[in-house]
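Protein chains in written order, with the numbering used here: chain A, 1 to 349; chain B, 1001 to 1069; chain C, 2001 to 2553.
Taking it in order: structure first as structure tokens, then the write-up.
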């Protein structure tokens, strides 16, 4: 029955735990809407006939609602709408609250592609592999304008906003390939900003992941140059490589020793006092800014000698460097990428 | 401009014809009331227009106070 | 002072319809007399000409969009052209048609008549409103000539602050157009407060006036905010400030809050006047009092008030807190209740009426169906869990077109046909009127019902190319749109014909008891020969000498 309704309404298949809850409410709402609107239209039509003009310029009785009629007319729709609200909100709160131990994936949207990165695994462009029957959390940001990560088969959607992280989660119930569509207008090829989520049964997924980490994968997932030269490793490892090759580590240490420039250990979100006396927080914006315009905000006690890397670092390079810097905090014993989020996305209750 | 064509409908026995009374108002009191109400409404819209700017400034000044050294 | 006339005129059906020889249209001649007029009726007619011209332009962009979407691959135009097409369709339709149409045309023309006044409170301000409208419109449309705007009518930052397309003229145009809206609203509020003729108490105001009063409140309070938002985007582009662009320290979500704080009440600016027209048309065509007059009047105010607090339902998936989303959702539900009240009252007005089915009533019937369908799908998208799937898909596109086209444009057409004989003294051909109505109602369903299904299937908005599985529904929608377009073309033709060669309509062809029908058709420049004194309700249809039957449901 539900499958019949689903097909009649052109809904895609239900491939996540959220989908069936959404569809259940959907069927009720749509049915009531159809009945109400057709009912009103037909009633108007019927009245056209029943109360048709029989005498030209006839006079009519004065008809007014009594208090009871008004009460019913207000209370019935109100309660029906509020009931839908309660069910919908309850489902939404469940959707907006990721469970405790999710499998995390970083998502970056940029015109006009989706990039995925596992905290301790490979990165990919366009295709995301996830295990079935495990909650997966997506931690997302954008490199340029607002995009929106939409998977119709999962019934999930979350805007991807530059300058902040948003999150969403899902638990896929059926292995298969599911389309990702960008759902926030972002320019010329907004309508081609597609991706794919490949859901694999858990054991198959684990095998695939192990394969990826060895770098011996026979499957080609990344289509085209993702700006990292098809580097097979995490963003953080790539950032480390860039730091070495661009000579950052000549002036910045990663072990806490101040050198020609401030140390990167624990730098992320550190409160710094600048030469001018003002204090700033070393967030992504500041770190990126310092690479492009280093003489603008010099930390107190250091000389303004850092050259600009504008033109020498691509956008993926700067992102990777920021991620590398973020990973350097003194409670991790080795310079490995963190296994859990280094931040709390705003609004997570 | 009130140079538009002659106004019908007032009659000649108007009593005192106030030169400040616009043709579409019946009495000077009505015109006065309309003018006052109109001006207050306009001021309200101006407040709304600029309130957004000032509130935005205040919020950003608070959050990024170090930039406003 | 001569004795004021008491309006209690009963037109016998055998009266020979008379065309007023010297009326507001021809009393002063020459282009200057029109461009410098202070007559609210002439201003209304000039709004009509402008607004209908922009409707045509916006409609052409709509057809371009629909034709492009006939195939999943590029069909007629490039991606960039397509993005400009849907943007300009939205900007022109919303700012240059939907918002000014009913208030600018019928509000201007009929509010003074309906309150028994000679003009609006500030006739010169009214003319200024029109000039400002033209100025803003020219600026906004000039964006077309200089490469075109491609941000979508919603101008989301940081896309709008960084796109290389020409946005500044459009942004400035929107800012200026806002003032036209504000001044019109201001004028109407003061008119209703100060210029009511003796006997027209608040509870004797025609419901069209109540609806426009509520609309004017929204216009006056909300429009400054969108003007501000548009201006700030322009300033950010030109001055490089980081208000909305996170790359420069700004907050893109702030733009959305500023934008939607206006744009949600804006949809009530669009729909409330339409609802006012429907109240008038249904009462007149069923020759009956409005069922629950007070509830209809107050629900207009209710929609205006509560509508200010619901804007966040456009931002459910931006990362807003769960609590915010819940609050906005509940508030949005309340607005649905006010609309439900009105729908029941309109059906109640038909009950026990004496109904002549004419073109305006056909449109009113279409309106009833579409507003319930569109309104309840609005409640549906306000249900947060469902909106996660539907947001930014064709479901939302279908929902708002149901309200804006199925609702407001039907109401506009109902009003246009109902008031055409009063405004121009001529009658249109009823047969063609009904034919066109059929094309429009059927064409509308054929265009937009497939779009609900497209949204369900997962097709996002503003898509130039789409996955192949969406093809059938897109083709169906485009086919439907051709019927809709055809209907509009028919209307244009027979209305122009009626203007030039139509039958004389007489002062009250519908036998309506609305106050505006108590003058000649077309009205004289001063509206009334003498100031009217009203002693009856605006929607009461009792013949003198007959026993009045009261029914309470």
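Backbone N, C-alpha and C fix where the C-beta goes; we use that ideal spot for every residue, glycine too.
- Residue 1060 of chain B and residue 2296 of chain C have their C-alpha atoms roughly 43 Å apart.
- Nearest CB-CB separation between residue 278 of chain A and chain B: below the 8 Å threshold.
- Cβ neighbours of residue 2109 of chain C within its own chain (closer than 7 Å, five residues either side excluded): 2040, 2041, 2044 and 2423.
- Bridge pairing for residue 179 of chain A: A/196 [DSSP].
- Per the C-alpha coordinates, the member of A/213, A/329, A/284 and A/50 positioned closest to residue 253 of chain A is A/329.
- Taking every protein chain shown into account, the CB of residue 2358 of chain C has 16 or more other CB atoms within 10 angstroms, so this residue is buried.
- For residue 9 of chain A and residue 1 of chain A, the gap between their C-alpha atoms comes out near 12 Å.
- For residue 2229 of chain C, the nearest beta carbon of chain A is not closer than 8 Å to its own beta carbon.
- Pairing residue 101 of chain A with residue 158 of chain A, the inter-Cα distance amounts to about 20 Å.
- When C-alpha distances from residue 170 of chain A are compared across A/5, A/103 and A/316, the shortest belongs to A/103.
- Residues of the stretch 2340 to 2357 of chain C with a C-beta atom less than 7 Å from some C-beta of chain A are 2340, 2341, 2343, 2344, 2347, 2348, 2350, 2351, 2352, 2353, 2354, 2355, 2356 and 2357, listed in chain order.
- In this model, residue 2123 of chain C and residue 184 of chain A are separated by some 44 Å (Cα to Cα).
- Judged by DSSP in its simplified three-state form, residue 158 of chain A adopts strand.
- Using a CB distance cut-off of 8 Å, residue 255 of chain A does not count as an interface residue toward chain C.
- In the displayed model, residue 150 of chain A falls within a strand according to three-state DSSP.
- In the displayed model, residue 169 of chain A falls within a strand according to three-state DSSP.
- Residue 2444 of chain C counts as buried, since no fewer than 16 other beta carbons sit within 10 angstroms of its beta carbon.
- Residue 2284 of chain C is positioned such that its CB atom lies closer than 8 Å to that of residue 2512 of chain C.
- In this chain, the alpha helix (DSSP H) harbouring residue 2181 of chain C covers 2168 to 2194.
- With a threshold of 8 Å between beta carbons, residue 1045 of chain B makes contact with chain C.
- Secondary structure at residue 2459 of chain C: coil, using DSSP grouped into helix, strand and coil.
- Put simply, the backbone Cα of residue 2149 of chain C is about 12 Å away from that of residue 2156 of chain C.
- Rounded to the nearest angstrom, the Cβ distance from residue 2336 of chain C to residue 77 of chain A is 7 Å, consistent with a contact under 8 Å.
- In the DSSP assignment, residue 129 of chain A falls within the beta strand (DSSP E) that extends over 127 to 131.
- One finds nothing in chain C with a Cβ atom closer than 9 Å to the Cβ of residue 170 of chain A; even the nearest lies about 11 Å away.
- A direct Cα-Cα distance of roughly 28 Å separates residue 172 of chain A from residue 2072 of chain C.
- Going by C-alpha positions, residue 194 of chain A is about 11 Å away from residue 148 of chain A.
- Boundaries of the alpha helix (DSSP H) harbouring residue 2224 of chain C: 2207 to 2239, taken from the DSSP string.
- Between the stretch 2496 to 2509 of chain C and the stretch 2017 to 2031 of chain C there are three or more C-beta pairs closer than 8 Å, enough to call the two in contact.
- In the three-state reduction of the DSSP assignment, residue 281 of chain A falls in the strand class.
- Residue state for residue 2482 of chain C is assigned as helix, using DSSP reduced to three classes.
- Counting only Cβ-Cβ distances below 9 Å, residue 1029 of chain B has no contacts in chain A at all, with the closest Cβ about 36 Å away.
- Taking a contact to require three or more Cβ pairs closer than 8 Å, the stretch 2453 to 2466 of chain C and the stretch 2387 to 2402 of chain C qualify as touching.
- Using a CB distance below 7 Å, the part of the stretch 2111 to 2128 of chain C facing chain B consists of 2117, 2118, 2119, 2121, 2122 and 2123, ordered along the chain.
- When beta bridges are read from the DSSP output, residue 271 of chain A appears opposite A/281.
- The beta carbon of residue 2253 of chain C falls within 8 Å of a beta carbon belonging to chain A, placing the residue at that interface.
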